[in-house]
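Please read the structure below before turning to the comments.
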Amino acid sequence: MNRPFSPVQIWNSFLKIIPYFGVTFGVVFGTIILGTALAILLFIQKKSEKRILRGLAEGYINIIRCTPSIVLLFIVYYGIPKIALGLFDVDLNFSSKIIYVIISLALIYSATLSEIIRSAYLALGKAQYEAALSIGLTPLQAVCRIMIPQGLVIALPNLGNSLISLFKEGSLAFTIGLIDMMGAGNLIISRNYGAYSLETYLALAVIYWVLTLIIEQFFLRLEKHYGRGREENHAA
């Protein structure tokens, strides 16, 4: 249905979409928690002296990074219920769709984050860790007080980019029926019988654009804060 372009409809769509921000945020937050845990596990495996563990971690990362996000989402969404039913006789077809979205995005996020952690670790080198041990810190203290703060400064730009990508990848959730911001936008278009599609997608674009700017500014401030502290330490 073709109708004249209506700027007012952009605002109306915005008001209808924004209440679903909580769903999108929930997906992102859950993905960060699960994905970070998996990323740390992958990093530990890649640093392992056992070749089989390193091979499994590297194979996992390569496979995940080569698989399109939407394909992985469908594999998780249709695969997990079939595996649960076949192996454990448990029916998961009525479980919440947000769980499948978080799992699939966490698999993708963990592969990326593990490489970010590894690159930060390699940039620091073992000298920092060994120096911390030499002044009497325990291994845990050396990691928490020395390695993580310095590694965070190095990793911040890539962390910001991965978080922005995560917000955008989360928009695929509507393809399996989860009503997040993108899903709400498509519902609006369906209820209008295809009318005001451009206005609705422009409202979505503005929302994601604003979110991207907020994330960018947040990480820029973190970089300046921690980078200043690092420069002062070097100067001292």
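Every letter in the sequence shown is one number past the one before it in our numbering, and letter 138, counting from 1, is 138.
Ideal placement from N, C-alpha and C gives every residue a C-beta, glycine not left out.
Problem - Range covered by the alpha helix (DSSP H) that runs through M181 - result: Taken as a continuous stretch (DSSP letters only), the alpha helix (DSSP H) holding M181 covers 181–191.
Exercise for the section: Below 7 angstroms CB to CB, which residues in the same chain sit around L166 once its five sequence neighbours on both sides are set aside? Expected result: Excluding residues within five positions, the ones whose Cβ falls inside 7 angstroms are V28, T31, L105, Y109.
Handout entry: Under the three-state DSSP convention, the category E216 falls into
Key = Correct three-state label for E216: helix.
Problem - Run of the alpha helix (DSSP H) containing T36, from where it starts to where it stops - result: Unbroken alpha helix (DSSP H) run through T36: 21–46.
Practice task
Determine the contact status of A203 and F14, defining contact as a CB-CB distance below 8 angstroms.
Solution key: In this structure, F14 lies closer than 8 angstroms to A203 by Cβ.
Handout entry: Residue environment, L211, which counts as buried when at least 16 other CB atoms sit within 10 Å
Key = So L211 ends up on the buried side.
Practice task
Give the single residue among R191, I52, A184, I164 whose Cα lies nearest to the Cα of Q217.
Solution key: If we check each option's Cα against that of Q217, I164 comes out closest.
Problem - Three-state class that DSSP yields for I135 in the structure shown - result: When secondary structure is reduced to three states using DSSP, I135 falls in the coil class, being assigned neither helix nor strand.
Problem - Same chain, Cβ closer than 7 angstroms to G160, neighbours up to 5 away in sequence not counted - result: Within the same chain, G160 has close Cβ partners I215, E216, F219.
Handout entry: Nearest-angstrom beta carbon gap, I10 and F207 [assumed within contact, 8 angstroms]
Key = For the sequence presented, residue 207 should be read as Ile rather than Phe. Approximately 11 angstroms separates the beta-carbon atoms of I207 and I10; this is outside 8 angstroms, ruling out the contact.
Practice task
For A195, name the three-state secondary structure that DSSP assigns.
Solution key: A195: coil per DSSP, three-state reduction.
Handout entry: 8 angstroms Cβ cutoff met for T175 and L34
Key = No; because the gap between Cβ atoms is not below 8 angstroms, this pair is not in contact.
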